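These notes concern the structure reproduced below.
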Amino acid sequence: MAGGLKNRAVFFRRWGLDILALPVVLMHVWLSLELRTLVDFWQQATPMPPRLQTSFVRELKPLELAPPPVKPVEQARSHSRRSAAPKVWQTEPLAAGPALQPLPAPAEVLNAEEVAPAPELALNEAQSDEVAPEWPPSTRLSYDLTGNYRGAVYGEAQVEWLRQGSHYQMHLDVSVGPSIAPLMVRRMSSDGFLDGAGIAPKRYDEDTRVVLSQRRRATVQFDLGQVTLADGRSEVAPAGVQDAASQFVQLTWLFLTGRETLRPGLVVEIPLALPRRQYRWRYEVIGQVELQTPMGPLNTWHLRPSALATGGDMTAEVWLAPSLQYLPVRLRIRQDAQTFVDLMLKSPALQAAADTSSH
């Protein structure tokens, strides 16, 4: 009898504690939902920057180009490159570096030395008049899309690189399904400025619409050595950080200007801020690949990340064509082994007249 009463007392005491804890749990759930709502509202309340306007007036024809010249100032810096490797751009044997990993907490990894501009980048900025970046004119690239998402998918995509003086925008628009009624539409947009270190993004937006699903927005903001990720977290950003869209033009600029020379085994490291976290992105140059396109066969260089991103972030491979100003002829964007899209250039690139207001 006494034992039964004791067991019942323990039972009610445990249930009483659980009942008392229930409001606390519900409060945490409510606060989490409210925080998510506030973040979504903040992203919806901050519209994407207005799109730069331009007119595309000519087709870009493939050219047989000599290797890009090394500028005199770059040659003068060759000794400093050997003595102190830059923090942002690193080239090393393919097997030497670790696999791609997310950046740990900023306080643990990023110190003042990493946040400050690397010596070479500071020299670039100081000599911006002498080492003027060279950029393609505003360009539109159109692609056929194939891929897999719970089965084969088809569609189309378009890349627009827009530039007015030192102001740039990069837009990647992907449409899956029939053009008149797409099943999924995603826009990835980067907005920022050009300087002696290349691309300096200020804002990245990702806008996704899926049939029978809620529209999703993700925004990453860059400001004075800080990056604010899509969930509102603010972290220290390393010098030269890029976003999911700007990274492709940064690669084009590196090879177009001769700051890096494509060769098998080259590894290019790019600090990358994706919507969920930061990475130290390592692109391996796999080798040359001839791609069959509507413009005829094109010789390209295949660059592939050393590892896949994690946590739902996307990984991109790229094939750059030296004869087309090192622009991407093919892109493969992968979320996991079973979810990816493959973009192949389907028509000649269109370009605006050369912008003479800025190199």
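Sequential numbering from 19 applies to the sequence shown in the working numbering.
Backbone N, C-alpha and C fix where the C-beta goes; we use that ideal spot for every residue, glycine too.
Here the structure is a predicted model, which is why all the values come from computation and not from measurement.
Asked                                                                                                                                                                : Found
When burial is assigned at 16 or more other CB atoms within 10 Å of the CB, is Ile288 buried or exposed?                                                             : buried
Looking at the unbroken beta strand (DSSP E) that takes in Gln353, where does it start and where does it end?                                                        : 345-354
First and last residue of the beta strand (DSSP E) that includes Leu309?                                                                                             : 296-311
Hey, is the region 349-365 in contact with the region 155-165, meaning 3+ C-beta pairs nearer than 8 Å?                                                              : yes
Secondary structure at Ser324, three-state DSSP: helix, strand or coil?                                                                                              : coil
Would you tell me roughly how many angstroms separate the C-alpha atoms of Ala291 and Met202, rounded to the nearest one?                                            : 24 Å
I'd like to know if the region 258-265 and the region 228-236 are in contact, where contact means that at least 3 CB-CB pairs between them fall below 8 Å.           : no
For the alpha helix (DSSP H) containing Val267, name the first residue and the last one.                                                                             : 264-274
Using DSSP with H/G/I as helix, E/B as strand and the rest coil, what is Ala370?                                                                                     : coil
In or out: Gln384 buried (at least 16 other Cβ within 10 Å) or exposed?                                                                                              : What is shown of the chain runs 19 to 377, which leaves residue 384 out entirely.
At the level of alpha carbons, what is the spacing between Thr333 and Pro196?                                                                                        : 25 Å
Quick one: is Gly250 buried, meaning 16 or more other Cβ sit within 10 Å of its Cβ, or exposed?                                                                      : exposed
Under three-state DSSP, which class holds Ser341?                                                                                                                    : helix
Are Pro293 and Ala248 close, meaning C-beta to C-beta below 7 Å?                                                                                                     : yes
Nearer than 6 Å: is that true of the beta carbon of Ile288 relative to any heavy atom of the ligand ZN?                                                              : This structure lacks the ligand ZN, and indeed carries no ligand of any kind.
Considering only their Cβ atoms, is the gap separating Leu361 from Ala175 smaller than 7 Å?                                                                          : yes
Leu277: which of Ala215, Pro219, Tyr297 sits nearest, CA to CA?                                                                                                      : The amino acid at residue 277 is misidentified as Leu; the sequence shows Arg. When each option's Cα is compared against that of Arg277, the closest is Ala215.
May I have the straight-line CA-CA distance separating Thr311 from Arg348, to the nearest angstrom?                                                                  : 10 Å
Let me know the secondary structure DSSP gives Phe74 once reduced to three states.                                                                                   : coil
Is the CB-CB distance between Val303 and Thr318 below 7 Å?                                                                                                           : no
Taking only the alpha-carbon atoms, compute the straight-line gap between Tyr344 and Ser193 and give it to the nearest angstrom.                                     : 24 Å
Could you check how far apart the C-beta atoms of Leu78 and Leu342 are, in whole angstroms? I think they sit under 8 Å.                                              : 6 Å
State the CB to CB distance for the pair Leu274 and Gln182, rounded to an integer number of angstroms; the pair is presumed to be in contact (CB under 8 Å).         : That pair is no contact at about 19 Å.
Identify the continuous beta strand (DSSP E) that holds Ser160 and give its terminal residues.                                                                       : 157-167
Can you look up Leu201 in the DSSP assignment and give me helix, strand or coil?                                                                                     : coil
Spatial neighbours of Pro436 within its chain, please: CB distance less than 8 Å, with the 5 preceding and 5 following residues excluded, ordered by chain position. : Shown here, the chain extends from 19 to 377; a query on residue 436 therefore has no answer.
Out of Ser264, Gly305, Ser184, Ile198, which one is the CA nearest neighbour of Asp223?                                                                              : Ser264
Nearest by alpha-carbon distance to Ile351: which of Trp271, Phe266, Ser156, Arg281 is it?                                                                           : Phe266
So the candidates are Trp179, Met188, Pro155, Ile198; which of them puts its Cα closest to the Cα of Gly173?                                                         : Ile198
What residue range does the beta strand (DSSP E) around Gly283 cover?                                                                                                : Note, Gly283: premise wrong, no beta strand (DSSP E); not H, not E.
Would Glu178 and His185 be called neighbours here (beta carbons separated by less than 7 Å)?                                                                         : no
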